[in-house]
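Numbering (my numbering), first residue to last: 27 to 600.
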């Protein structure tokens, strides 16, 4: 398949078949009758079905130029660019020109694959050596391939960047969630610290205030006993004592809020207590409020300080009343409800009677306070148990009511829930563990109104309280030795251990009452102890877990109460 070519300078040279095959591996030659007479070397592997002697149009379709149906037309259009489709090779096109040889007896096609995308090289299994060396498309394909490689790398990089960005976004979301959790925890911690600080302040104020009230109420009681019935001065003294009792209620509210109120629990019937409180509350509710109390029969008992239950009811009902300035419905429902995980019964023991069997609480006694008042939004509902938070006008609310309720319910081992919506009213649900009292024989201990001369060691660092208590005990026939110092009290017992009763404050400088009592009880075995305080951080006293030879008196107390407790305690050891 050699031929002659005319050079640019007018000379000519002959190309051998090998040279032609190297330059144009997809070349082929046809005869005037359009039969294939020769094939370039690439056809054997690329399209083995094409063979010498086959008709041209059996394997090729001429797309351009149009109307090439015979050798004469093909030769006449030899200066045109030919595009040939190869049958059986979809998408594969040859681009080149034809040369007329031997006066048109032989027609030579020279050209190469027409590739417009680098991917076509892979599709048709082509290489760059399949293109004529002078064909600029080869260079373009090299550039395109480099571009495609770069694009591929960029796509891979972009994909990795997207994955990295997604991971960073996910991590940012996790960090944001962690920050929210941390902020919430920090807010809770700050709130807890604030409540603790306010609680300590309230407890300290209550401690000092109780000592003052103790002196006021105590001396008023002593003065009242010296005055005749109907005496105008006695009436005035009784009014002083009544005012002191009202102030005592405020200090108890402060201590309940700070969760430092001394618990003196007992098995009480909540139904009876609520009915008692109803009689007190009904005049306070107002005529424009329909007040209904529903108590289910035979509910059983709860183990709680009665005054705590009274405060819970008072605060919730008064709060509901204030939420209905235009009137409405106020319902109190006392009933029983199953406790979650009832198999895990809570053991409750009466601390002053350690020989009693354990009682269990498997059900709740519930107290619902439902009003048709203004209701609360979510922000208000989230803050109602915070100390000093109030929606009332200045001077009309302290913000301690619901905080006190929360503290008292927690002290009683219960739970409190609230449901509310603006314009639809509120529902408070207090759940207290039901107390199942074990069978026990009651031992009646006679109470001595007058002492037989028992020796009492009085330890109280507040002078006016110490002098008051000393006078009360001395008038009752006790022999009293008093001191303001716990250390001095220990030294007194060490030198003269015969004491029948230790009467001690709880919170004192240098040493607490319980710590001092433990040392004195070692020096004077069998001594009875009465603790007196309105505020304590000692859990053994605050929760009522004290020994059978010990009692607790909450300040301020009446002189008659002190004499009764002392006489009962001393009589019980005989």
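We put the CB at the ideal spot given by N, CA and C, even for glycine.
Between residue 65 and residue 72, the CB-CB gap reaches or exceeds 8 Å. In the structure shown, residue 85 adopts helical secondary structure according to DSSP, grouped into three states. For the pair residue 458 and residue 390, the CB atoms are nearer than the 8 Å cut-off.
If you keep only unbroken alpha helix (DSSP H) runs of at least 4 residues inside the segment 491–555, you get 512–521 and 539–549. The three-state reading of DSSP puts residue 153 in coil, since its state is none of H, G, I, E or B. Under the rule that a run must span 4 or more residues, the alpha helix (DSSP H) segments found entirely inside the segment 271–347 read 296–311. Beyond the five residues adjoining it in sequence on each side, residue 446 comes within less than 6 Å, by CB distance, of 401, 402, 407 and 452 in the same chain, given in chain order.
In chain order, 510 place their CB closer than 8 Å to the CB of residue 489, counting only its own chain and leaving out the 5 sequence neighbours on each side. Note that the C-beta distance between residue 236 and residue 581 is below 8 Å. In this structure, residue 492 lies away from residue 499, with their beta-carbon atoms at least 8 Å apart. Between the beta-carbon of residue 512 and that of residue 542 there is about 4 Å, and that keeps the pair under the 8 Å contact cut.
In this structure residue 526 does not touch residue 486 by the C-beta definition: roughly 18 Å separates them, more than the 8 Å allowed. Taking a cut-off of 8 Å on C-beta distances, the segment 322–340 touches the segment 426–443, as three or more cross pairs fall below it. With contact defined as three or more Cβ pairs closer than 8 Å, the segment 130–145 and the segment 47–63 are in contact. In this model, residue 247 and residue 265 are separated by some 11 Å (Cα to Cα). Boundaries of the beta strand (DSSP E) around residue 441: 441–447. As the crow flies, the alpha-carbon of residue 537 is around 15 Å from that of residue 547. Under DSSP, residue 48 takes part in no beta bridge, so it has no partner.
Counting only residues of its own chain and dropping the five nearest sequence neighbours on each side, residue 316 has a CB closer than 6 Å to the CB of 355. Bounds of the beta strand (DSSP E) holding residue 364 are 354–364.
Taking 8 Å as the cut-off, the Cβ atoms of residue 349 and residue 327 do not count as close.
Under DSSP, residue 461 forms a beta bridge with 327. With distances taken between CA atoms, residue 121 lies nearest to 138 out of 138, 115 and 311.
In the DSSP assignment, no residue is bridged to residue 130.
A check of alpha carbon separations from residue 556 across 573, 545 and 243 identifies 573 as the nearest.
In its chain, beyond the 5 residues on either side, 247 have a beta carbon closer than 6 Å to the beta carbon of residue 584.
Taking 8 Å as the cut-off, the beta carbon of residue 270 is found closer than this to the beta carbon of residue 242.
Between residue 342 and residue 431 the beta-carbon gap is near 6 Å, inside 8 Å, which marks them as a contact.
Between residue 504 and residue 519, the C-beta gap is not smaller than 8 Å, which leaves the two residues out of contact.
Sequence-distant partners of residue 330 (beyond 5 residues in either direction) whose C-beta falls short of 7 Å from its own C-beta, in its chain, are 291, 294, 438 and 458. Annotated three-state conformation of residue 390 is strand, per DSSP. Put simply, the backbone Cα of residue 207 is about 38 Å away from that of residue 357.
The Cβ atoms of residue 455 and residue 443 sit closer than 8 Å to each other. Our two residues, residue 318 and residue 394, have alpha carbons roughly 12 Å apart in a direct line.
Rounded to the nearest angstrom, the gap between the Cα atoms of residue 117 and residue 188 is 35 Å. Within the same chain, 314 and 315 come within 7 Å of residue 353 by CB-CB distance, once the 5 residues on both sides are set aside.
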